[in-house]
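Asks: Each protein sequence line maps, in turn, to chains Z and L.
Just remember that our numbering sits 66 ahead of the position in the first sequence, which is counted from 1.
Just remember that our numbering sits 67 ahead of the position in the second sequence, which is counted from 1.
A single structure is presented below for examination.
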Amino acid sequence: MNAEAGRVRSLLDYYVTRGRTQIQAQFQYRAATYFWLIGMLAEPIVYLVVWTTIAEQQGGSVQGITTGEFAAYYIVWTLVRNMNIVFTPYGWEWRIREGQLSAALLRPLHPLHEDLAGFAGWKVVTILLWLPIAALLWLAFDPVLDPTLLEVGVFSLAIWGAYLIRTMFLSSLGMITFWTTRVSAIFELAIALELLLSGRLVPLPLMPGWAQEVANVLPFKWSFYFPIDALVGDLSRGELLGGLAMQLLWIVVLTGLTMVVWRFAVRRYSAVGN
Amino acid sequence: MRRTVRLGWLFFRIGSMNELQYRANFLIQLLQSAVAVGTALVVLALVYSHTEELNGWSQPELLVVMGIQILLGGVIRTTIQPNMQRLMEEVRDGKLDFALTKPEDSQVLVSIREVRIWQVVDVASGAAVLAYGVSGLERGVSISDALLFLAMLGVGAITIYCFWLIVATLAFWVVDTWSIMELLDGVYQTGRWPVSIYPLWLRLGVTFIVPIAFAITVPAEALTSRLEWGTIALAVGFSATLFVVTRYWWRFGLRRYSGASA
Numbered sequence: 067m068n069a070e071a072g073r074v075r076s077l078l079d080y081y082v083t084r085g086r087t088q089i090q091a092q093f094q095y096r097a098a099t100y101f102w103l104i105g106m107l108a109e110p111i112v113y114l115v116v117w118t119t120i121a122e123q124q125g126g127s128v129q130g131i132t133t134g135e136f137a138a139y140y141i142v143w144t145l146v147r148n149m150n151i152v153f154t155p156y157g158w159e160w161r162i163r164e165g166q167l168s169a170a171l172l173r174p175l176h177p178l179h180e181d182l183a184g185f186a187g188w189k190v191v192t193i194l195l196w197l198p199i200a201a202l203l204w205l206a207f208d209p210v211l212d213p214t215l216l217e218v219g220v221f222s223l224a225i226w227g228a229y230l231i232r233t234m235f236l237s238s239l240g241m242i243t244f245w246t247t248r249v250s251a252i253f254e255l256a257i258a259l260e261l262l263l264s265g266r267l268v269p270l271p272l273m274p275g276w277a278q279e280v281a282n283v284l285p286f287k288w289s290f291y292f293p294i295d296a297l298v299g300d301l302s303r304g305e306l307l308g309g310l311a312m313q314l315l316w317i318v319v320l321t322g323l324t325m326v327v328w329r330f331a332v333r334r335y336s337a338v339g340n
Numbered sequence: 068m069r070r071t072v073r074l075g076w077l078f079f080r081i082g083s084m085n086e087l088q089y090r091a092n093f094l095i096q097l098l099q100s101a102v103a104v105g106t107a108l109v110v111l112a113l114v115y116s117h118t119e120e121l122n123g124w125s126q127p128e129l130l131v132v133m134g135i136q137i138l139l140g141g142v143i144r145t146t147i148q149p150n151m152q153r154l155m156e157e158v159r160d161g162k163l164d165f166a167l168t169k170p171e172d173s174q175v176l177v178s179i180r181e182v183r184i185w186q187v188v189d190v191a192s193g194a195a196v197l198a199y200g201v202s203g204l205e206r207g208v209s210i211s212d213a214l215l216f217l218a219m220l221g222v223g224a225i226t227i228y229c230f231w232l233i234v235a236t237l238a239f240w241v242v243d244t245w246s247i248m249e250l251l252d253g254v255y256q257t258g259r260w261p262v263s264i265y266p267l268w269l270r271l272g273v274t275f276i277v278p279i280a281f282a283i284t285v286p287a288e289a290l291t292s293r294l295e296w297g298t299i300a301l302a303v304g305f306s307a308t309l310f311v312v313t314r315y316w317w318r319f320g321l322r323r324y325s326g327a328s329a
């Protein structure tokens, strides 16, 4: 029992240290991060403008979503999108092709911890740098956002749930690189599917009914649409907490999947280079 | 001029032969292109399932815009972007010396050295979307509209090239140009829709700061017979001015280049 407690404590210590170093490292590249954040704004702004135009043509709303709600949706979108950026299968491909994994395997920790802690630290920087951008978008697009305290609380948890779901989803995809070093084809298809069914393209209620049904049984919605909807939409207490539970479920399922595949995968790994 | 064309053709052949060795890349490019076009079509279908027209643009007309955006994106990634990327890397590494010492105009040389032949898939898929859009146009396309479209597409491509070179030349002053590339890539996505739907500040931005409007919307207006003479004059004038400015800007930037120990 004591040994177990010690293990947890040292792991926690690792997370804090790795996260903090990443925060310091990434904070040095503020300008680069800003360029990057601004480049990413084009996507939501385009969608926002398109749907606002349609809403205005139809007297102020599409399927009950008003222009102000669209604005709120796509502004919160920008933060959730950032939380969804994690270590990609391309990263795994590079790690394996270049033999980088060898060093990681020598450490007494699963390499996933390094990704999780590192990207989490980076997220803190991103959130801080995002705030002024959100303020500007707020002025430019006039959103309607009136969350309750509970919604704010669920949202703050859900963005980290989203982060975990996406990390585990992309890690399990990344495991494919142990068998083939060309991961891009499968990755591109998965991303396209995710794009359509996560709410990144449009708020899910605008999709046809059957597509929404499909989205309900896939993880994508829970890492994207749900956090946004929690803050912007009008979910009941039950729906909010149920959403968090769904997130937890997907985190467990995808982590389990990653761990199982990892067991087989790592046996296939033969180091390349030095 | 003939010498330039011959040189360009030579680089094109070498670059293509080099890339043709990697056939698998073609399949991957094909898949990527299909996925990109597929999602774009889904978005369009979604939009038009909720409305008849977007700010006066019908679905076939928007397909035309989208086709041009994909096509031009293919042109950019085949020739313009790889050249500019190499330029920026060479400035940083001090390898530009090798290009500068060659007995050829340096701006021409840095603009034609690279070609990513597989990206031509995007040009083809863009053209397919464009053709599909045109076939759905109620009014049809007259010969003069088509010629005007080709001319404006050429003008647009020149404008985009100049813009990229101006940005790439910044590498003489700023080291980290990678993030600028990312930024441009994002902004280029705005070209998928007619610029008239954007709020004024954004419309001005994607017209004069990043000249996407001239490159995509204007040719699309030509095909959908809504192009006015004033716009043509503005686009041609802007492009010509930018071309001259780019020339001076390149020479100005070059003076900053100090090379590195060779």
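Note that the Cβ used here is the ideal one computed from N, Cα and C, for glycine as well.
Apart from the five residues on each side of it in sequence, which residues of its chain come closer than 7 Å, Cβ to Cβ, to LEU108 (chain L)?
Replies: Here residue 108 (chain L) corresponds to residue number 41 of the second sequence, with the count starting at 1. Answer for LEU108 (chain L): no residue qualifies.
Asks: When Cβ atoms are compared, which residues of the stretch 260-282 of chain Z fall closer than 9 Å to chain L?
Replies: LEU261, LEU262, LEU267, VAL268, LEU272, MET273, PRO274
Asks: Leaving out five residues on either side along the sequence, give the residues of the same chain with a beta carbon under 6 Å from the beta carbon of LEU230 (chain Z).
Replies: Residue mapping note: residue 230 (chain Z) aligns to position 164 of the first sequence, counting from 1. Excluding residues within five positions, the ones whose Cβ falls inside 6 Å are ILE317.
Asks: Do you know how far the Cα of ALA121 (chain Z) is from the Cα of TRP124 (chain L)?
Replies: As a first step, residue 124 (chain L) is located in the second sequence; it is residue number 57 there, counting from the start. As a first step, residue 121 (chain Z) is located in the first sequence; it is residue number 55 there, counting from the start. Between TRP124 (chain L) and ALA121 (chain Z), the alpha-carbon positions lie close to 15 Å from each other.
Asks: For ILE147 (chain L), is the classification buried or exposed, using 16 other Cβ atoms within 10 angstroms of its Cβ as the cut-off for buried?
Replies: Stepping through the second sequence from its first residue, residue 147 (chain L) is reached at position 80. Buried, since its Cβ has 16 or more Cβ neighbours within 10 Å.
Asks: Determine the closest residue to GLY265 (chain Z) out of Z:GLN278, Z:ALA256, Z:LEU255, Z:PHE253, with distance taken between C-alpha atoms.
Replies: Translated into the one-based positions of the first sequence, residue 265 (chain Z) becomes position 199. Residue Z:GLN278 is the option with its Cα nearest to GLY265 (chain Z).
Asks: Pull up the distance between the alpha-carbon of ILE283 (chain L) and that of ALA289 (chain L), whole angstroms please.
Replies: Counted from its first residue, the second sequence places residue 283 (chain L) at position 216. Counted from its first residue, the second sequence places residue 289 (chain L) at position 222. Using only the alpha carbons, I get a separation of about 10 Å.
Asks: Do ILE264 (chain L) and VAL116 (chain Z) come within 8 Å of each other at the CB atom, strictly closer than that value?
Replies: Looking up residue 116 (chain Z) in the first sequence gives position 50. Looking up residue 264 (chain L) in the second sequence gives position 197. Yes.
Asks: Taking CB distances under 8 Å as the criterion, tell me whether ILE242 (chain Z) reaches chain L.
Replies: Counting from 1 along the first sequence, the entry for residue 242 (chain Z) is found at position 176. Not an interface residue.
Asks: Strictly under 8 Å for the Cβ-Cβ distance: is GLY141 (chain L) near chain Z by that measure?
Replies: As a working note, residue 141 (chain L) is residue 74 in the second sequence. It does not; no Cβ of chain Z falls within 8 Å.
Asks: Closer than 8 Å, CB to CB, is ILE247 (chain L) near chain Z or not?
Replies: What you label residue 247 (chain L) is simply residue 180 of the second sequence in a count that begins at 1. Chain Z, which has a Cβ nearer than 8 Å to the Cβ of ILE247 (chain L), makes this yes.
Asks: Does the Cβ-Cβ distance between ILE89 (chain Z) and VAL191 (chain Z) come in under 8 Å?
Replies: Here residue 89 (chain Z) refers to the residue found at position 23 when the first sequence is read from its first residue. Here residue 191 (chain Z) refers to the residue found at position 125 when the first sequence is read from its first residue. Result yes, Cβ atoms of ILE89 (chain Z) and VAL191 (chain Z) sit closer than 8 Å.
Asks: Skipping 5 residues on each side, what residues in its chain have a beta carbon closer than 8 Å to that of VAL130 (chain Z)?
Replies: In the first sequence, counting from the first residue as 1, residue 130 (chain Z) sits at position 64. At residue 130 (chain Z) the sequence reads Gly, which differs from the Val that was named. For GLY130 (chain Z), where only same-chain residues beyond five positions count, the Cβ hits under 8 Å are PRO271.
Asks: Per DSSP, which one or two residues make a beta bridge with LEU121 (chain L)?
Replies: Reading the second sequence from its first residue, position 54 is the one you call residue 121 (chain L). Paired residues: L:TRP124.
Asks: Please return the same chain residues whose Cβ sits closer than 7 Å to the Cβ of ALA302 (chain L), not counting the five positions on each side in sequence.
Replies: Numbered from its first residue, the second sequence carries residue 302 (chain L) at position 235. Excluding residues up to 5 positions away in sequence, MET219, VAL222, PHE281, VAL285 lie with their Cβ nearer than 7 Å to the Cβ of ALA302 (chain L) in the same chain.
Asks: If we call anything under 8 Å between Cβ atoms a contact, is THR118 (chain Z) one with THR99 (chain Z)?
Replies: On the first sequence, residue 118 (chain Z) is found 52 positions in, with the first residue counted as 1. On the first sequence, residue 99 (chain Z) is found 33 positions in, with the first residue counted as 1. Their beta carbons are not under 8 Å apart, which means THR118 (chain Z) does not touch THR99 (chain Z) by this criterion.
Asks: Quick one: what's ILE131 (chain Z) bridged to in DSSP?
Replies: Translated into positions along the first sequence, residue 131 (chain Z) becomes position 65. DSSP lists Z:VAL128 as partners of ILE131 (chain Z).
Asks: With a cut-off of 8 Å on the beta carbons, I'd call LEU326 (chain L) and ASP160 (chain L) a contact; round off their distance for me.
Replies: Position 259 of the second sequence, counted from the first residue, corresponds to residue 326 (chain L). Position 93 of the second sequence, counted from the first residue, corresponds to residue 160 (chain L). Residue 326 (chain L) is actually Gly in this sequence, not Leu. No, GLY326 (chain L) and ASP160 (chain L) are not in contact; Cβ-Cβ is about 10 Å, not under 8 Å.
Asks: Are VAL132 (chain L) and ARG259 (chain L) touching if we call contact CB-CB under 8 Å?
Replies: For the purposes of this step, residue 132 (chain L) is taken as residue 65 along the second sequence, with counting starting at 1. For the purposes of this step, residue 259 (chain L) is taken as residue 192 along the second sequence, with counting starting at 1. Against a cut-off of 8 Å, the Cβ pair of ARG259 (chain L) and VAL132 (chain L) comes out as a contact.
Asks: Using a Cβ-Cβ cut-off of 8 Å, state whether MET133 (chain L) counts as contacting chain Z.
Replies: Within the second sequence, the letter at position 66 stands for residue 133 (chain L). No, no contact with chain Z.
Asks: Anything in the stretch 80-108 of chain Z with a Cβ closer than 9 Å to a Cβ of chain L? List those residues in chain order, please.
Replies: TYR95, ALA97, ALA98, THR99, TYR100, PHE101, TRP102, ILE104, GLY105, MET106, LEU107, ALA108
Asks: Do you know how far the Cα of HIS117 (chain L) is from the Cα of ARG153 (chain L)?
Replies: Residue 153 (chain L) sits at position 86 when you count from the first residue of the second sequence. Residue 117 (chain L) sits at position 50 when you count from the first residue of the second sequence. Near 44 Å, if we compare the C-alpha coordinates of HIS117 (chain L) and ARG153 (chain L).
Asks: Quick one: give me the first and last residue of the alpha helix (DSSP H) that ARG329 (chain Z) is part of.
Replies: Start at 1 with the first residue of the first sequence, and residue 329 (chain Z) comes out as number 263. Where ARG329 (chain Z) is concerned, the enclosing alpha helix (DSSP H) stretches over 303-334.
Asks: Can you pull the chain Z residues whose beta carbon is under 8 Å from the beta carbon of TYR265 (chain L), in chain order?
Replies: As a first step, residue 265 (chain L) must be located in the second sequence, where it is residue number 198. Proximity of chain Z to TYR265 (chain L) at the Cβ level (cut-off 8 Å) is accounted for by VAL115, in chain order.
Asks: Name the residue from L:MET68, L:PHE216, L:GLY75, L:LEU232 whose alpha carbon lies nearest to the alpha carbon of ILE299 (chain L).
Replies: Numbered from 1 along the second sequence, position 232 holds the residue referred to as residue 299 (chain L). The candidate whose alpha carbon is nearest that of ILE299 (chain L) is L:PHE216.
Asks: Which value, in whole angstroms, describes the spacing of the CA atoms of LEU239 (chain Z) and ASP181 (chain Z)?
Replies: Your numbering for residue 239 (chain Z) matches position 173 in the first sequence. Your numbering for residue 181 (chain Z) matches position 115 in the first sequence. Computed Cα separation, rounded: 15 Å.
Asks: Using a beta-carbon distance below 8 Å, is THR274 (chain L) in contact with chain Z?
Replies: As a working note, residue 274 (chain L) is residue 207 in the second sequence. Not closer than 8 Å to any Cβ of chain Z, the Cβ of THR274 (chain L) fails to qualify, so no.
Asks: Flag this pair as yes or no: are the beta carbons of ALA138 (chain Z) and VAL283 (chain Z) separated by less than 8 Å?
Replies: As a first step, residue 138 (chain Z) must be located in the first sequence, where it is residue number 72. As a first step, residue 283 (chain Z) must be located in the first sequence, where it is residue number 217. No, the pair does not count as a contact, with Cβ atoms beyond the cut-off.
Asks: Taking the beta carbon of LYS169 (chain L) as the centre, do at least 16 other beta carbons fall within 10 Å, making it buried, or is it exposed?
Replies: Reading the second sequence from its first residue, position 102 is the one you call residue 169 (chain L). With fewer than 16 other Cβ atoms within 10 Å, it is exposed.
Asks: Can you check which of these residues, Z:GLY184, Z:PRO177, Z:ASP79, Z:LEU320, is closest to PHE93 (chain Z) by C-alpha distance?
Replies: Translated into positions along the first sequence, residue 93 (chain Z) becomes position 27. Comparing Cα-Cα distances from PHE93 (chain Z) to each of Z:GLY184, Z:PRO177, Z:ASP79, Z:LEU320, the minimum goes to Z:GLY184.
Asks: Can the beta-carbon of LEU175 (chain Z) be found closer than 8 Å to that of TYR80 (chain Z)?
Replies: Taking the first residue of the first sequence as 1, we reach residue 175 (chain Z) at position 109. Taking the first residue of the first sequence as 1, we reach residue 80 (chain Z) at position 14. For LEU175 (chain Z) and TYR80 (chain Z), yes; Cβs fall inside 8 Å.
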